Amino acid sequence: KQEVTQIPAALSVPEGENLVLNCSFTDSAIYNLQWFRQDPGKGLTSLLLIQSSQREQTSGRLNASLDKSSGRSTLYIAASQPGDSATYLCAVKWNFNKFYFGSGTKLNVKP
Amino acid sequence: NAGVTQTPKFQVLKTGQSMTLQCAQDMNHEYMSWYRQDPGMGLRLIHYSVGAGITDQGEVPNGYNVSRSTTEDFPLRLLSAAPSQTSVYFCASSYVGDRSGYTFGSGTRLTVV
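Structure below.
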């Protein structure tokens, strides 16, 4: 069964810390993996999309890595800010079109 | 701005009423889908479409109907609303293919009383 797991479910850190969010998946034969951010009461905003042939993608203070063989992706956030507080969702594409979502990590960055 | 537009943003229905949630995209995406998001359940796929005239069921299709008459629009119909359908509904679209990612709408918060 294809599953996506995100641990921890919640994380609280002081401002300025570098942090890592984890995503694991059960089948290494993925097409790509996408990280999203969701603010309370809002929709999902795409952060990074990593193709199966790539090892990492970067956007500003965000860096996402992909290790298919171990079934893992990490989202690294450098120098965290209170504005980074949100829920971060990982989604994996195994099917040609369909993404499977993890349940998310709720991040709180304390001033 | 290009993207996925969902209407309405909020809706309250009485049990047994029907309604249609609208979703439109202007990116010429072939693939469109509907998810519901519930606390502790994550995002669950309701229905999806890979092009005009083609639809298929996801994980939780019961109580919902869809059709796809144009590339741009993918409405979700609730024929007889039930309290169990209280949720936040998201529409997402993408190009068909292994390399594309999703673009999401801002959601419709539905309450059935």
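First to last, the sequence lines map onto chains A and B. This note's numbering numbers the first residue of the first sequence as 1 and each following residue consecutively. This note's numbering numbers the first residue of the second sequence as 1001 and each following residue consecutively. Every residue, glycine too, gets a C-beta built ideally from N, C-alpha and C. The model shown is predicted, which means the values in this text are computed figures rather than measured ones.
Q) Of all Cβ atoms in chain B, is any one closer than 8 Å to the Cβ of residue 101 of chain A? A) Working through the first sequence from its first residue, we reach residue 101 of chain A at position 101. Output row for residue 101 of chain A: interface = yes.
Q.
Just to confirm the assignment, what range does the beta strand (DSSP E) spanning residue 1089 of chain B have?
A. By 1-based counting over the second sequence, the position of residue 1089 of chain B is 89. Residues 1087–1094.
Q. Relative to the C-alpha of residue 41 of chain A, which residue among B:1042, B:1088 and B:1111 is closest?
A. On the first sequence, residue 41 of chain A is found 41 positions in, with the first residue counted as 1. Minimum Cα distance to residue 41 of chain A is reached at B:1088.
Q. Within 10 angstroms of its Cβ, does residue 1010 of chain B collect 16 or more other Cβ (buried), or is it exposed?
A. To locate residue 1010 of chain B, count along the second sequence from 1; it is residue 10. Residue 1010 of chain B comes out exposed.
**Q.** residue 1033 of chain B - partner residues in DSSP beta bridges
**A.** For the purposes of this step, residue 1033 of chain B is taken as residue 33 along the second sequence, with counting starting at 1. B:1048 and B:1092.
Q.
On the CB-based measure, 16 or more other CB atoms within 10 Å of its CB, does residue 87 of chain A come out buried or exposed?
A. By 1-based counting over the first sequence, the position of residue 87 of chain A is 87. Per the 10 Å Cβ criterion, buried.
Q | Buried versus exposed, by CB contacts within 10 Å (16 or more), residue 2 of chain A | A | Here residue 2 of chain A is taken as the residue at index 2 of the first sequence, counted from 1. So residue 2 of chain A counts as exposed.
Q: Closer than 6 Å by C-beta to residue 44 of chain A: which residues in its own chain qualify, once you throw out the five before and the five after it? Chain order, please.
A: Residue numbering aside, residue 44 of chain A sits at position 44 when the first sequence is read from its first letter. These residues qualify, in order along the chain: 36 and 38.
Q) Terminal residues of the continuous beta strand (DSSP E) containing residue 1113 of chain B? A) If you number the second sequence from 1, residue 1113 of chain B lands on position 113. Here residue 1113 of chain B belongs to no beta strand (DSSP E), and DSSP marks it neither H nor E.
Q: Leaving aside the five residues before and after residue 1021 of chain B along the sequence, list all residues of the same chain whose C-beta is less than 6 Å from its C-beta, in chain order.
A: Taking the second sequence and counting its residues from 1, the one referred to as residue 1021 of chain B is at position 21. Closer than 6 Å at the Cβ level, and outside the excluded window around residue 1021 of chain B, lie 1076, 1089 and 1108.
**Q.** Within chain C, partners of residue 32 of chain A - CB distance below 9 Å
**A.** Here the protein chains are A and B, and chain C is not one of them.
Q. Straight-line CA distance for residue 57 of chain A to residue 1014 of chain B?
A. Against the first sequence, residue 57 of chain A aligns to sequence position 57. Against the second sequence, residue 1014 of chain B aligns to sequence position 14. In a straight line, the C-alpha of residue 57 of chain A is about 46 Å away from that of residue 1014 of chain B.
Q | Contact under 8 Å by Cβ, residue 109 of chain A with residue 30 of chain A | A | Position 109 of the first sequence, counting from 1, holds the residue named residue 109 of chain A. Position 30 of the first sequence, counting from 1, holds the residue named residue 30 of chain A. Not in contact: residue 109 of chain A and residue 30 of chain A (Cβ atoms no closer than 8 Å).
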